[in-house]
Every structure is written in structure tokens, then in C-alpha cells.
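Student: Okay, handing you the structure first.
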Amino acid sequence: MKEILDAILSSDSTSADFANVKLPESYRAVTLHKDEEQMFAGLASRDKDPRKSLHLDDVPLPELGPGEALVAVMASAVNYNTVWSSIFEPVSTFGFLERYGRLSPLTKRHDLPYHVLGSDLAGVVLRTGAGVNAWKPGDEVVAHCLSVELESSDGHNDTMMDPEQRIWGFETNFGGLAQLALVKTNQLMPKPAHLTWEEAASPGLVNSTAYRQLVSQNGAGMKQGDNVLIWGASGGLGSYATQYALAGGATPICVVSSPEKADICRSMGAEAIIDRSAEGYRFWKDEQNQDPREWKRFGGRIRELTGGEDVDIVFEHPGRETFGASVYVTRKGGTIVTCASTSGFMHQYDNRYLWMSLKKIVGSHFANYREAWEANRLVAKGRIHPTLSRVYSLEQTGQASLDVHQNRHQGKVGVLCLAPEEGLGVRDAELRAKHLPSINLFRELDERSIQTSRDL
Ligand SMILES: NC(=O)c1ccc[n+]([C@@H]2O[C@H](COP(=O)([O-])OP(=O)(O)OC[C@H]3O[C@@H](n4cnc5c(N)ncnc54)[C@H](OP(=O)(O)O)[C@@H]3O)[C@@H](O)[C@H]2O)c1
5 MKEILDAILS SDSTSADFAN VKLPESYRAV TLHKDEEQMF AGLASRDKDP
55 RKSLHLDDVP LPELGPGEAL VAVMASAVNY NTVWSSIFEP VSTFGFLERY
105 GRLSPLTKRH DLPYHVLGSD LAGVVLRTGA GVNAWKPGDE VVAHCLSVEL
155 ESSDGHNDTM MDPEQRIWGF ETNFGGLAQL ALVKTNQLMP KPAHLTWEEA
205 ASPGLVNSTA YRQLVSQNGA GMKQGDNVLI WGASGGLGSY ATQYALAGGA
255 TPICVVSSPE KADICRSMGA EAIIDRSAEG YRFWKDEQNQ DPREWKRFGG
305 RIRELTGGED VDIVFEHPGR ETFGASVYVT RKGGTIVTCA STSGFMHQYD
355 NRYLWMSLKK IVGSHFANYR EAWEANRLVA KGRIHPTLSR VYSLEQTGQA
405 SLDVHQNRHQ GKVGVLCLAP EEGLGVRDAE LRAKHLPSIN LFRELDERSI
455 QTSRDL
């Protein structure tokens with residue numbers, strides 16, 4: 005592994021150097037163990053501790069298949085899917101691997117008693133498989149997490165529609181939270197040259213998801229002047245949705261749960277901010293019943309912030325806890341676009357507010373190849389910025405996942421894999437200098453809030 009890292013850190017390595025670098029027989033990776041699937045049985049979700057289920061193991065190097073690339077991973081990131089995997093909810097990811105393994109002898113490689121997690125990476129291509137011409141050893145890349153087979157015409161217009169669509173590192177093996185990773189080369193995109201490895205690794209999954217969900221015609225198709233209600237506006241998805249709304253001439257109405265998170269949204273440029281904790285919304289009276297008066301109070305607060313207007317789009321992902329309110333506050337003809345159900349997937353809402361006011365509920369999931377490419381292009385151009393707040397080592401991935409599980413993080417949480425320290429990998433210092441305050445925004449506010457809590 006040292007030889008690989010030396011080649012990456014050296015400024016004069018050629019593609020031939022990378023093609024000739026000796027590959028190790030095994031590598032270090034963050035894994036789940038199949039024989040521990042039941043380890044949290046009977047516990048409430050909040051008591052399931054990712055530090056207990058995530059292991060750092062030496063695993064054998066997988067065989068490289070046609071159309072694939074082996075990538076040296078400099079940095080990766082924790083996504084909420086890392087949390088879902090690590091607590092085996094809503095189902096164990098080993099079921100995904102078993103099903104994928106039944107497809108072909110090549111996919112059978114994924115069905116193992118361990119699962120290497122991780123749906124983001126920034127790194128360097130080491131080898132490419134048969135039939136790959138667009139990428140070569142030595143290319144500095146990021147990878148999006150859409151894995152598709154594309155043998156069915158269903159996915160030929162919109163690759164998310166492929167019947168064999170999977171999220172790499174969640175529904176497939178050999179993910180990015182490791183020193184090496186295996187991807188299909190159609191997942192590769194150029195690494196934004198002005199970012200460090202850990203910054204470049206952090207937007208991928210959430211940035212692409214927010215792009216499809218909010219901007220793309222496959223999602224809400226946001227336009228200039230739209231009011232966009234964004235739940236968790238400083239979180240993984242929300243921190244990108246907020247940027248897209250601002251960059252696209254819309255008005256984000258940011259919902260967060262603390263003054264620190266409200267500060268982050270303000271620093272990004274948002275003006276309409278609701279602190280849901282301070283304002284104490286209780287959309288559910290009890291386990292079964294919601295409280296429409298609370299929906300109304302929430303809608304009233306939105307109107308106060310917008311000068312009397314309702315929202316054109318709700319960027320939904322909390323699910324059960326907020327969905328009734330989201331449907332209620334959307335304006336006539338507006339869109340509730342949802343990509344998740346963090347607080348529960350059995351949603352309840354009053355359908356009269358949907359049909360009588362001609363509202364639409366749109367389901368959205370990750371992004372197709374092109375949407376992921378467009379989203380990465382905006383990062384590479386310095387139009388959309390990483391929202392990295394904190395960086396952990398590969399050994400600390402369990403703690404990083406616990407932070408996200410307990411909602412103690414801001415924006416994105418990064419993980420160093422092969423990179424020996426933060427700050428490496430910048431190739432375009434000029435573009436970086438231009439955007440430095442925006443690139444560092446989440447990190448600086450996180451450091452400030454740590455300092456404040458130390459002082460108290
Ligand atoms: N379908 C897809 O392709 C896709 C892609 C990415 C993520 N997801 C899913 O989307 C969800 C969010 O992901 P993420 O990366 O944004 O996670 P995240 O970084 O944890 O951010 C989510 C934010 O939502 C807010 N939130 C959480 N529970 C809430 C509740 N009950 N009511 C209101 N707000 C709540 C929190 O913000 P405040 O506390 O500040 O309000 C939290 O910071 C996860 O379930 C994830 O699996 C789906």
C-alpha cells in the first residue's frame with residue numbers, strides 16, 4: 005500500500021507508474037459481519053451503536069471485472085446509508101448482496117460474509133477492466149454511487165429506472181470506506197481540482213440526490229422565484245438543497261433544530277429560517293394522531309417569513325414526523341418531493357389538502373448518470389461547495405456514524421482512507437483561493453461551536 009500512496013503523493017508519477025504499481029493481496033476496509041446481523045435485536049434504533057457493528061478488517065482484493073476500475077481511495081464520507089447499514093435497519097444489507105449475487109457469476113463476487121460499506125470516494129484509478137477506454141491508471145477521480153447493469157431498455161432513458169439499479173457500497177460490496185474500492189467505470193467523474201481529497205469525497209451522494217430531487221425535471225424542477233421549504237437544511241442533503249435554491253434564484257425556507265444550524269444557513273445566504281426546536285412544533289399529538297393546528301401554526305410561520313406566500317416545493321426526507329405538515333403547507337399546485345423517511349416510512353397525511361389543491365407528491369431517489377455528472381460539474385466549477393464539517397480516520401468511522409445517527413453533525417462528515425492527513429490533493433490553487441470562505445464554511449462553524457461548548 006505504501007508504494008501506491010507514494011505514487012499518489014509524488015508530483016511526477018505517470019500513468020505507467022500507476023499501471024505498474026504492485027497491488028496488495030488484501031486491504032483495510034470498514035465492514036459489517038454477516039454473523040452479527042442480529043446483534044441489535046430488540047433494541048430501539050437510537051440505542052443501536054454503529055461503533056459496535058462497524059469493523060476495520062483486512063479483506064482480500066476482489067477480482068477486477070469488465071467495465072470496472074480498482075481505485076485507491078484517498079478519502080470517503082459517512083452517509084446516512086452508512087448509519088442504516090450499521091444498525092441493520094430497515095433491513096440487513098446482506099439481503100441486498102445475496103440478491104445481487106444471484107444475477108451472474110460476476111456479481112456473485114459481492115455476496116460475501118462481510119460487507120465493505122461506503123458510497124462516496126475521491127482517489128486515483130489503479131487498474132481498469134476489459135473494455136474501458138475513457139479512464140486510465142493515474143486518473144484522479146470521484147465516484148458517484150449509481151450501480152446499474154443497463155441490460156434492460158427500462159433504464160436507457162433514465163438510468164435510475166434500470167431494474168437492476170443499486171447504490172454502490174450499500175446494496176453492493178467493495179465500497180469507498182476502505183483503502184481500495186471497486187466501481188463500474190461509468191460511476192467515475194473527474195475530481196474537482198480545487199478541492200482536497202476529503203472535500204472532493206464529501207458531496208457525491210447527497211449532492212447528486214439533492215440535484216435530482218430539487219433541480220431536475222425528474223424531481224421538482226425548481227424554477228426562479230420558487231419558495232422551497234427545506235427540512236434539515238444544514239444536514240447532508242439539506243446543505244446542498246439550500247445551495248441549489250440560492251444558486252437557482254429560489255427562496256429557501258430552511259428548517260433546522262438549533263441556533264448553530266440556523267447560523268450555518270444564514271452564512272450560506274438564506275434569510276428565512278425556522279428553528280423547529282425553539283418553536284416547538286408537535287405535529288403528532290400521540291402515536292396515532294396528528295395535530296392539524298400545529299400544521300397551521302407552521303404554515304403561518306412560513307407565511308410570516310415569505311410575506312404571505314406558501315411554498316412551491318417541499319424538500320422532504322424526515323418522513324412520518326413531518327409529512328402531514330409538508331402536504332398541508334404546500335401551495336395550490338405545488339410539489340412535495342421525497343427521497344427518504346428517516347423518522348418512519350408509514351406516512352400519514354390529509355388527502356383532502358392534496359387533491360382539492362392539486363398538489364403533487366413526487367418520489368425521488370439518488371440521481372441518474374447524467375444528473376450525477378451535472379451535480380459534480382457544478383462542484384468542479386465552484387458553483388456548489390462541499391459542506392464538510394469534520395474529518396475522521398478510517399478507524400473512527402464507527403464514531404463518525406454515531407455522530408450522524410445522533411444528529412450531532414453539521415453538513416457532511418468525511419473520512420480519511422489512504423490520505424495521511426487533511427489538506428492534500430489540491431491541483432487548482434487559484435480556483436480554491438476564490439472560493440475558500442465557502443469551502444471552509446461548515447468546518448469553521450463546527451470548530452466555533454466546539455469552542456463555545458468548551459467555554460460554557
Ligand atoms: N433516496 C436517496 O437517494 C437518498 C440520498 C441521500 C439520503 N437519503 C436519506 O435521506 C435522509 C437524510 O439524509 P441526510 O444525509 O440529509 O442526513 P442528515 O445529514 O442526518 O440530515 C438530515 C437532517 O434532517 C433533519 N431531521 C432529522 N429528523 C427529523 C425529524 N424527525 N423532523 C424534522 N427534521 C428532521 C435534521 O436536521 P435538524 O435537526 O437541523 O432539523 C437532520 O440534520 C436519510 O434517511 C437518508 O438515508 C436518501
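Everything in the sequence shown is counted per the numbering used here, starting at 5 for the first residue and increasing by one.
Backbone N, C-alpha and C fix where the C-beta goes; we use that ideal spot for every residue, glycine too.
Please report the straight-line C-alpha distance between Ala371 and Asp124, rounded to a whole angstrom.
Tutor: Near 14 Å, if we compare the C-alpha coordinates of Asp124 and Ala371.
Student: Return the CA-CA distance between Asp233 and Arg387, expressed in angstroms with no decimal places.
Tutor: Note on residue identity: the sequence assigns Leu, not Asp, to residue 233. Rounded to whole angstroms, Leu233 to Arg387 spans 21 Å at the Cα level.
Student: Considering only their Cβ atoms, is the gap separating Ser30 from Val82 smaller than 8 Å?
Tutor: For Val82 and Ser30, no; Cβs fall outside 8 Å.
Student: Indicate whether the contact test is met: 3 or more Cβ pairs, each with one atom in the region 363-370 and one in the region 204-223, closer than 8 Å.
Tutor: Yes, since at least three Cβ pairs between the region 363-370 and the region 204-223 fall closer than 8 Å, the two stretches touch.
Student: Helix, strand or coil: which one does DSSP assign to Gln183?
Tutor: Coil.
Student: Look up Met272 in the DSSP assignment and say whether it is helix, strand or coil.
Tutor: Correct three-state label for Met272: helix.
Student: Please tell me whether Thr200 and Gly429 are closer than 8 Å, where the distance is taken between their beta carbons.
Tutor: Contact: yes.
Student: Considering Tyr215, what are the terminal residues of the beta strand (DSSP E) in which it resides?
Tutor: Looking at the DSSP string, Tyr215 is not in any beta strand (DSSP E), and its letter there is neither H nor E.
Student: Quick one: residues in its chain with C-beta nearer than 8 Å to the C-beta of Ser397, no 5 flanking neighbours on either side, listed in chain order?
Tutor: Contacts found: Val419, Leu420.
Student: In whole angstroms, give me the CA-to-CA distance for Asp16 and Gly105.
Tutor: One C-alpha to the other measures close to 40 Å.
Student: How long is the line joining the alpha carbons of Phe100 and Leu309, rounded to whole angstroms?
Tutor: Each residue's Cα considered, the two are about 44 Å apart.
Student: Which whole-angstrom value describes the C-beta separation of Val75 and Ala147, a residue pair presumed to lie in contact below a C-beta threshold of 8 Å?
Tutor: Rounded, the Cβ-Cβ distance is 7 Å, consistent with contact.
Student: Do Val128 and Phe22 have their C-beta atoms closer together than 8 Å?
Tutor: Yes; because the gap between Cβ atoms is below 8 Å, this pair is in contact.
Student: Do the region 157-177 and the region 347-361 meet, that is, are 3 or more Cβ pairs less than 8 Å apart?
Tutor: Segments in contact, no.
Student: So the beta strand (DSSP E) Leu309 belongs to, where does it begin and stop?
Tutor: Looking at the DSSP string, Leu309 is not in any beta strand (DSSP E); the run it does join, the alpha helix (DSSP H), is 296-310.
Student: Helix, strand or coil: how does DSSP classify Lys336 here?
Tutor: If DSSP states are grouped into helix, strand and coil, Lys336 belongs with the strands.
Student: To the nearest angstrom, report how far apart Glu153 and Arg50 are at their CA atoms.
Tutor: Roughly 36 Å between the two C-alpha positions.
Student: Using CA coordinates, which residue listed in Leu392, Phe287, Met165, Trp377 is at the minimum distance from Leu241?
Tutor: Here the closest residue by C-alpha is Leu392.
Student: To the nearest angstrom, report how far apart Pro256 and Pro109 are at their CA atoms.
Tutor: Cα to Cα, Pro256 sits roughly 48 Å from Pro109.
Student: Counting only C-beta atoms, is Val210 closer than 8 Å to chain C at any point?
Tutor: Among the chains of the structure shown, chain C does not appear; only one protein chain is present.
Student: Leaving aside the five residues before and after Pro94 along the sequence, list all residues of the same chain whose C-beta is less than 8 Å from its C-beta, in chain order.
Tutor: Taken in chain order, the residues that qualify are Trp88, Phe349.
Student: In chain order, which continuous runs of the alpha helix (DSSP H) of length 4 or greater are located wholly inside the region 37-83?
Tutor: Taking only runs of at least 4 residues, the alpha helix (DSSP H) segments lying wholly in the region 37-83 are 54-57.
Student: Mapping DSSP to helix, strand and coil, what is Lys364?
Tutor: Note: Lys364 maps to strand in three-state DSSP.
Student: Please state if the CB of Cys258 and the CB of Ala237 are separated by a distance shorter than 8 Å.
Tutor: Contact: yes.
Student: Rounded to the nearest angstrom, what separates Glu7 and Asn85 at their Cα positions?
Tutor: In a straight line, the C-alpha of Glu7 is about 32 Å away from that of Asn85.
Student: Relative to ligand 1, is the shortest distance from any of its heavy atoms to the C-beta of Thr391 smaller than 7 Å?
Tutor: Every heavy atom of ligand 1 is 7 Å or more from the Cβ of Thr391, so no.
Student: Looking at the secondary structure, which residues open and close the beta strand (DSSP E) in which Glu144 lies?
Tutor: It spans 144-147 - the beta strand (DSSP E) in which Glu144 sits, taken as one unbroken run.
Student: In chain order, what residues of the same chain lie with their CB nearer than 6 Å to the CB of Glu298, ignoring the 5 residues before and after it?
Tutor: Correct list, in chain order: Tyr285, Arg286, Phe287.
Student: If you compare alpha carbons, which of Leu121, Gly179, Asp432 is closest to His198?
Tutor: The shortest Cα separation from His198 among Leu121, Gly179, Asp432 belongs to Asp432.
Student: Please find out if some non-hydrogen atom of ligand 1 comes closer than 7 Å to the beta-carbon of Cys343.
Tutor: Under cutoff, so the answer is yes.
Student: Any idea if His160 is buried or exposed, counting beta-carbon neighbours within 10 angstroms, 16 or more meaning buried?
Tutor: His160 should be labelled exposed.
Student: Can you tell me whether Arg412 is buried or exposed, with buried defined as 16 or more other CB within 10 angstroms of its CB?
Tutor: So Arg412 counts as exposed.
Student: Alpha carbon to alpha carbon, how far is Lys56 from Gly402?
Tutor: Going from the Cα of Lys56 to the Cα of Gly402 covers about 7 Å.
Student: Which of the three DSSP states, helix, strand or coil, is assigned to Met193?
Tutor: The answer is strand: DSSP assigns Met193 an E or B state.
Student: I'd like to check one pair, Ile317 with Leu218: are the Cβ atoms closer than 8 Å?
Tutor: The answer is yes: Cβ separation under 8 Å.
Student: Just checking my contact of Ser212 with Ala379 at CB under 8 Å: how many whole Å lie between their CB atoms?
Tutor: Contact flag correct, Cβ pair sits at about 4 Å.
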